[in-house]
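Number of protein chains: 2
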Amino acid sequence: MIKFCNSCGAAVAYRIPEGDSLERAVCAACGHIQYQNPKIVVGCLPVYGDRILMCKRAIEPRYGLWTLPAGFMENHESAPEGAAREAMEEANARVEIEYLYTVYSIPHISQVYMMFRARLLDPDVSPGVESLEVKLVAEAEIPWDQLAFAMVKRTLEHFLADRRAGVFVPRFGDIRPPQR
Amino acid sequence: MIKFCNSCGAAVAYRIPEGDSLERAVCAACGHIQYQNPKIVVGCLPVYGDRILMCKRAIEPRYGLWTLPAGFMENHESAPEGAAREAMEEANARVEIEYLYTVYSIPHISQVYMMFRARLLDPDVSPGVESLEVKLVAEAEIPWDQLAFAMVKRTLEHFLADRRAGVFVPRFGDIRPPQR
């Protein structure tokens, strides 16, 4: 929650600026508007032979569960550059990013996931500081009941189905909160 | 440029937080970190018969040049919802979003464009406040020398080529600054 102007330090008020249609944090002193927008998470599905690189999370949320390497995209990088950087940070994995594969909007947390297919260039991987463990898993070894995120499950399911079919089809969709 | 903490109003300092690898705006008083991340622009290519909906910009940047309806994605919406919203705001256009079509990273301005193919449900369109003029253009009428953005040119080129080929293939790529 934004309480102060990050340009002049005065208090903000929430109101709809002229010509806008949504409430924004507007500085009562200098008029500066702080916008809040969805964040992009970039990641990849690194493949080596018939195996997939997965990471066991050493951080919250979902500590101890398995994921594909992914994280917040940074300013001044492209999405594929960010996806490759995350593979290096989380698994010391050198990857070649191939193609955008799945894109999921997650409106209730204001995030968009962009997952790429990637070629793992070297099977010598090891946990980065955000991973407890990393491993190359064959299809039969995927820990389906210990996956960290819905996007991981969906991306893996699409990948395995497409690999069997022999053709990879990019997918996009939404992930909504689980019904209670 | 962030100068003050938006949580407590104190001055920030730029430094690399523990466990991070990039400089962030860190509050010297309360420790709050303000992250800055790439913004998502969502839009669509609305088609009615053989014609495409285009908008002449009434705002900077690129005032007076032609674009496809697109704008910053908002929190708590999906990418397709945002794309449909922008078509309504810029051209009073009711669209059915079909499929994610082009995704471009623009690292030097820290933006990612996500453009969808869409079906224009009703040809009765009119300029919103951000448009000087809107129109449905056939291929021969596209104002190639008055396009606002590289992503518009590329998306239109792909669309026209794919339409001729009879199959639409999603594309992703980067847009880099023009060489001087």
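Top to bottom, those sequences are chains A and B. Count the first sequence with numbering that gives the first Met the number 0 and you get residues 0 to 179, in order. Count the second sequence with numbering that gives the first Met the number 0 and you get residues 0 to 179, in order. All C-beta atoms in this analysis are idealised placements derived from N, C-alpha and C, irrespective of residue type, glycine included. Please read these numbers as outputs of a predicted model, since none were measured by experiment.
Would you report the Cα separation of L135 (chain A) and G127 (chain A), rounded to the nearest angstrom? Taking the straight line joining both Cα atoms gives about 15 Å.
Using the three-state DSSP reduction, which class does A92 (chain B) fall into: helix, strand or coil? coil
Could you give the residue range of the alpha helix (DSSP H) that holds D161 (chain B)? A149 to A164
Report back the beta-carbon spacing between I174 (chain B) and A147 (chain B) to the nearest angstrom; my notes put them in contact at under 8 Å. Actually they are not in contact, since the Cβ atoms of I174 (chain B) and A147 (chain B) sit about 13 Å apart, beyond 8 Å.
According to DSSP, is P176 (chain B) part of a helix, a strand, or is it coil? coil
Give the C-beta separation of G81 (chain B) and E88 (chain B) to the nearest angstrom, bearing in mind that I take them to be a contact with Cβ-Cβ under 8 Å. Between E88 (chain B) and G81 (chain B) the Cβ distance is about 10 Å, and since that is not below 8 Å, they are no contact.
Does the segment 34-44 of chain B touch the segment 97-116 of chain B, meaning 3 or more C-beta pairs lie closer than 8 Å? yes
Put I105 (chain A) into one of helix, strand or coil per three-state DSSP. strand
C-alpha distance - T101 (chain B) paired with E22 (chain B), whole-angstrom precision: 31 Å
When you compare the CB positions of N91 (chain A) and N5 (chain B), do they come within less than 8 Å of one another, or not? no
Three-state secondary structure (DSSP) of M53 (chain B): strand
I need the boundaries of the beta strand (DSSP E) containing G70 (chain A), first residue and last residue. A69 to F71
Here's the rule I'm using: 16 or more other beta-carbon atoms within 10 Å means buried, otherwise exposed. How should S125 (chain A) be labelled? exposed
Can a CB atom of chain B be found closer than 8 Å to the CB of H31 (chain A)? Using a CB distance cut-off of 8 Å, H31 (chain A) does not count as an interface residue toward chain B.
Pairwise C-alpha distance: E76 (chain A) and P122 (chain A): 25 Å
With a threshold of 8 Å between beta carbons, is P176 (chain B) in contact with chain A? no
Report the rounded CA-to-CA distance for I96 (chain A) versus P16 (chain B), giving the unit in angstroms. Looking at the two C-alpha atoms, the distance is approximately 28 Å.
Pairwise C-alpha distance: H107 (chain A) and N36 (chain A): Looking at the two C-alpha atoms, the distance is approximately 12 Å.
Short Cβ contact (8 Å threshold) for A69 (chain B) with L131 (chain B): no
8 Å is my cut-off, CB to CB: does I39 (chain A) come that close to chain B? yes
Could you say which of A:L67, A:I141, A:Y47 and A:A12 lies nearest to C237 (chain A) if we only look at CA atoms? The question about residue 237 (chain A) has no answer, for chain A in this structure spans 0 to 179.
Beta-carbon proximity check, F171 (chain A) vs R116 (chain A), cutoff 8 Å: no
Could you check what DSSP says for A27 (chain A) in three-state terms: helix, strand or coil? coil
Mapping DSSP to helix, strand and coil, what is Q110 (chain A)? Three-state result, Q110 (chain A): strand.
Identify the contact partners of V214 (chain A) in chain B, using a Cβ-Cβ distance below 8 Å as the criterion. The question about residue 214 (chain A) has no answer, for chain A in this structure spans 0 to 179.
Mind checking which residues open and close the beta strand (DSSP E) that includes S130 (chain A)? S130 (chain A) -> beta strand (DSSP E) spans S130 to V136.
Cβ-based neighbour list, F3 (chain A), same chain, cut-off 8 Å, excluding 5 preceding and 5 following: Excluding positions up to five away in sequence, the list reads A9, A10 and V11.
For A117 (chain A), list the residues DSSP reports as bridge partners. A:P45 and A:I96
Taking CB distances under 8 Å as the criterion, tell me whether I51 (chain A) reaches chain B. Chain B contact via Cβ: absent.
Distance, W65 (chain A) Cα to P177 (chain B) Cα: 41 Å
Does DSSP put R84 (chain A) in a helix, a strand or coil? helix
Euclidean distance between Cα positions of Y98 (chain B) and E156 (chain A): 20 Å
DSSP three-state call for A9 (chain A): helix, strand or coil? The three-state secondary structure of A9 (chain A), taken from DSSP, is coil.
How big is the Cα-Cα spacing for A139 (chain A) and L159 (chain A)? A straight line joining the alpha-carbon of A139 (chain A) with that of L159 (chain A) spans about 11 Å.
Three-way DSSP call (helix, strand, coil) for Q145 (chain A) in this model: Q145 (chain A): helix per DSSP, three-state reduction.
Would you say I15 (chain B) lies against chain A (beta-carbon separation less than 8 Å)? It does not: the Cβ of I15 (chain B) has no partner Cβ on chain A nearer than 8 Å.
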